[in-house]
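Chemist: Got a structure here, written out as C-alpha cells. Questions coming.
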Amino acid sequence: MGRIPKSREDNLDGVIYRRIIPRIFFPNSRLRAQEEIRELTRIAKSEQVGVIHTTTDYRNAYVASQVAKRLSIPWVYEVRGERENTWLSQFEAEKRNEAAASGYYTYAHEKEMEAVRKAGRTIFLSEVAKADAVSKGIDPGLAWVIPNSLPRRSTTAEGHDSAQKLVSSLVDKSKKYIGTVSSLVHYEGLSIVIRALPFLPADVNALFVGDGIERSRLEALARSLGVADRVVFAGKQPTESIGEWYGALDVFVVPRISSLVTARVTPIKTLEAMRIGIPVLASDLPALHEVTGELAVYFAPENLEDFVRKIKVILDGNVEINQERVNQWLRTRTWEHNVKKLEAMYTELTGEK
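Take the sequence shown: its letter number 317 is residue 317 in the UniProt record's numbering, and every next letter is one higher.
Structure follows, in C-alpha cells:
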C-alpha cells in the first residue's frame, strides 16, 4: 500500500496478492471499471474462485457484483469505512446538514446502501454499524459483524533497538505523556489534547505518533498556546516498532468529535493500548464504547472541561484497570477468534466447508 509496485504479484505469508495494472490507463471511470471487471473475471475464473469478497467503497462493490454475476457466484461486501460520512465530518457542526444535502453526499450514500442491499452477505466492523443498516431496511440475517482484531500474540510488543533509541530521544521519562497513535485528521479531535495542556500540571506532555493533514494546524495551535515545548510529533513510525511508542504513553486518548462516522466506525488502535495495560480515555460515542468493551474512561465529546477532569483522574491513579477482565474481553478481538466467524459466513453463503 502506498508504494510503486515492482511486480504484478506478491506472495506475503503464503497469500498471493495480484495487481490489476492495465496497459492503458483510461481517464474515464466507467472504462476503468469495465477493464477491472474483465481482468478480475479472468483471474477469478482461472483460479476457480467460489466467492468474491470486496471492501468499501461502492465502486469496488460494483466491480465485484459484476464479476460475481458473470461467474454465477456470490459476493460479499465488507464495510470498512464510510467515505461519504468521513467527508461530512470535516464540516463544522452547523454546516453538516447543508453538506449532507449536497449532490456528492446524497449520491455516495445511496450507492453505499445499494451495495449493502445487493451483496450476498455484508460484513460490518461493529454492532452499531449493523444496527444502523438494519434500521434502514437491511436484512439482519445477511449482515455479519466481524470486528477489527489483533493477532493473539502482538508483533508490536517486541523490542526494537532503533525504535527504543528514537523514543528515548523524543520522550523525557521524567514527564507524563497523554496522546495517541493515529492519523492526524480532523475527526480524531486531537486539538483538545493540546488545548488541555495549559490546564494540566507542567510535567504532563502530549505525544502524537502518526501523520496527516491536521499536523500543521496542531503544531500552530501548540505554538499559539505557548505549549509547543510540551508537544511531541513523532511522525509516522514503522508498524513493527509501534509498540515502543504505545509504551511511552501514560494515557491513550481517542478524543473523536461527534459525527456520523465517529459514532459508527470503530478504530483498531485502542486494542494494543488495552493489551499492554495503558488507560484509555475515549469520547462518549457508541462505536468507542463498543471497541473498548466498556472498559475505558469516557468524556463528553469536544468538551474541554470534562476531558481535563478525566485526564487528571487517570493520572492521579484513581482509575483501576482490571487487566484480567480486559484480557478476557480482548480474546474476542483476536483474528484467530474472528476468522471462525468468517469461515462460518462463507460456509453459510456457499454451502461448502
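All C-beta atoms, glycine included, are put in the ideal place defined by N, C-alpha and C.
(1) In its own chain, which residues sit with a C-beta less than 6 angstroms from the C-beta of residue 83, not counting the 5 before and 5 after it?
(2) Might you give, ordered along the chain, the residues of its own chain that have their beta carbon closer than 7 angstroms to the beta carbon of residue 13, omitting 5 neighbours on each side?
(3) Look at the alpha carbon of residue 223 and the alpha carbon of residue 215, and state the distance between them as a whole number of angstroms.
(4) Report yes if the CB atom of residue 180 is closer than 9 angstroms to the CB atom of residue 207, and no otherwise.
(5) Can you tell me where the beta strand (DSSP E) holding residue 178 begins and where it ends?
(6) At which residues does the beta strand (DSSP E) containing residue 206 begin and terminate?
(7) Would you mind sorting residue 339 into buried or exposed? The rule is 16 or more other CB atoms within 10 Å of its CB.
(8) How many angstroms separate the CA atom of residue 148 from the CA atom of residue 308?
(9) Taking 8 angstroms as the cut-off, is the beta-carbon of residue 238 closer than that to any non-hydrogen atom of the ligand MN?
(10) List the residues that DSSP assigns as beta-bridge partners of residue 235.
(11) Counting Cβ pairs, one atom from each stretch, are 3 or more of them under 8 angstroms apart for the segment 64-82 and the segment 244-252?
(12) Would you report the Cα separation of residue 376 and residue 315, rounded to the nearest angstrom?
(13) Helix, strand or coil for residue 155? Go by DSSP, reduced to three states.
(14) Taking DSSP as the reference, what is the three-state secondary structure of residue 199?
(15) So, for residue 189: in the same chain, excluding its five sequence neighbours on each side, which residues have a beta-carbon less than 6 angstroms away from its beta-carbon?
(16) Since residue 304 is in the alpha helix (DSSP H), which residue starts that stretch and which ends it?
(17) Mind the definition here: the segment 30-41 touches the segment 63-73 only if three or more C-beta pairs lie below 8 angstroms; say whether that holds.
(18) What ranges does the beta strand (DSSP E) occupy inside the segment 18-75, keeping only unbroken runs of at least 3 residues that lie completely in it?
(19) Can you tell me whether DSSP reads residue 322 as helix, strand or coil?
(20) Going by the beta-carbon positions, is the gap between residue 19 and residue 8 smaller than 9 angstroms?
(21) Let me make sure I understand the geometry here. Which of 200, 205, 332 and 242 has the alpha-carbon closest to that of residue 171?
(22) Any idea if residue 259 is buried or exposed, counting beta-carbon neighbours within 10 angstroms, 16 or more meaning buried?
(23) For the beta strand (DSSP E) holding residue 148, just list the boundary residues, first then last.
(24) By the 10 Å Cβ neighbour count, where 16 or more other Cβ atoms means buried, how is residue 182 classified, buried or exposed?
(25) For residue 273, which of helix, strand or coil comes out of DSSP?
Modeler: The relevant details are as follows:
(1) 57
(2) none
(3) 12 angstroms
(4) Yes, the pair counts as a contact, with Cβ atoms nearer than the cut-off.
(5) Its beta strand (DSSP E) spans residues 176-181.
(6) 204-209
(7) Counting Cβ neighbours within 10 Å, residue 339 comes out exposed, since fewer than 16 surround it.
(8) 29 angstroms
(9) This structure simply doesn't include the ligand MN, nor any ligand for that matter.
(10) 209 and 210
(11) no
(12) The structure shown has nothing for residue 376, since the chain only spans 1 to 353.
(13) Any reading at residue 155 needs caution, since the residue's pLDDT is 40, under 50, leaving its predicted position unreliable; the model's value is listed next. Looking at residue 155 - three-state DSSP - the assignment turns out to be helix.
(14) helix
(15) 255, 256 and 257
(16) From DSSP, the alpha helix (DSSP H) with residue 304 extends over 304-315.
(17) yes
(18) If we require 3 residues or more, the beta strand (DSSP E) runs fully inside the segment 18-75 come out as 52-55.
(19) DSSP places residue 322 outside both helix and strand once states are collapsed to three, so it counts as coil.
(20) A contact, by the Cβ cut-off of 9 angstroms.
(21) Checking every option, the nearest Cα to that of residue 171 belongs to 205.
(22) With 16 or more other Cβ atoms within 10 Å, it is buried.
(23) First-last for residue 148: undefined, no H or E at that position.
(24) buried
(25) helix
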